[in-house]
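Residue numbers (the numbering used here): 701 to 853. All C-beta atoms in this analysis are idealised placements derived from N, C-alpha and C, irrespective of residue type, glycine included.
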Amino acid sequence: LIPELKSLQDSGGSKPVIKLYEGKSGIRFILTDVLNALGEAKEKEYYVYSAAGVREDVYAAEPGFNRKRIKANIKVKTISLSPGGGTYGLDARKWIKTDRDQSLNATYMLIYAGKCALISRDSQDKPVGVIIENQMIYETQKRIFQQLWQLLK
Numbered sequence: 701l702i703p704e705l706k707s708l709q710d711s712g713g714s715k716p717v718i719k720l721y722e723g724k725s726g727i728r729f730i731l732t733d734v735l736n737a738l739g740e741a742k743e744k745e746y747y748v749y750s751a752a753g754v755r756e757d758v759y760a761a762e763p764g765f766n767r768k769r770i771k772a773n774i775k776v777k778t779i780s781l782s783p784g785g786g787t788y789g790l791d792a793r794k795w796i797k798t799d800r801d802q803s804l805n806a807t808y809m810l811i812y813a814g815k816c817a818l819i820s821r822d823s824q825d826k827p828v829g830v831i832i833e834n835q836m837i838y839e840t841q842k843r844i845f846q847q848l849w850q851l852l853k
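Put into structure tokens, the structure is as follows:
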């Protein structure tokens with residue numbers, strides 16, 4: 701029974717595969733997945749919706765992430781849902797004007813290589829993330845991001 705379950709888990713089929721990750725180590729796993737997935741991809745670019753609070757959780761989980769991303773020649777476009785954030789190389793950033801209360805409740809989203817990862821905080825204010833593996837969801841989120849990117853100055 702275990703090999704059959706493992707086979708179903710690995711194949712994913714036509715249904716989305718959703719995985720939950722908790723704490724700093726979970727966020728680090730998600731960021732490592734971004735680097736690994738894009739390191740093997742033809743298109744070495746991904747997209748991010750960034751938000752205050754959660755942004756700090758992401759940076760704290762993997763302080764060397766941008767250095768590794770740049771070394772792997774992976775580009776990123778970021779739309780910030782709150783003030784702050786910067787550029788580090790092979791990246792561009794635009795901001796959406798929101799009030800402070802809205803930006804504190806926003807989710808950090810990464811759109812990459814057939815996946816979408818969402819990072820937020822749980823009811824105990826600890827970082828938590830999910831990865832959704834599904835090409836259709838990825839393509840939809842990518843198109844929405846690209847359209848919004850074109851509209852922002």
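Is it buried or exposed, residue i, if we count other Cβ atoms within 10 angstroms and call 16 or more buried?
i: SER782; result: buried
i: MET809; result: buried
i: ILE819; result: buried
i: ARG769; result: buried
i: ILE718; result: exposed
i: TYR747; result: buried
i: ALA761; result: buried
i: SER750; result: buried
Could you give the distance in angstroms between the alpha-carbon of residue i and the alpha-carbon of residue j?
i: THR798; j: ILE779; result: 12 angstroms
i: GLU833; j: GLY814; result: 6 angstroms
i: GLY753; j: GLU740; result: 30 angstroms
i: LYS775; j: GLN824; result: 33 angstroms
i: LEU735; j: ALA772; result: 8 angstroms
i: GLU756; j: LYS744; result: 24 angstroms
i: GLY785; j: PRO716; result: 31 angstroms
i: GLN850; j: LEU738; result: 23 angstroms
i: THR732; j: ALA817; result: 12 angstroms
i: ILE727; j: LYS853; result: 30 angstroms
Going by Cα to Cα distance, which pick from the options is closest to residue i?
i: ASP822; options: ALA760, ARG843, ALA806; result: ALA806
i: ILE811; options: GLU756, LYS826, GLN824, ILE831; result: ILE831
Give me whichever residues DSSP pairs with residue i in a beta bridge.
i: ALA817; result: LEU810, ILE831
i: TYR788; result: Answer is none; TYR788 lacks a bridge partner.
i: ILE718; result: ILE832
May I ask you to verify whether the segment 721-736 touches the segment 784-798, counting CB pairs closer than 8 angstroms and requiring at least 3? no
Given 8 angstroms, three or more beta-carbon pairs between the segment 836-850 and the segment 759-769: no
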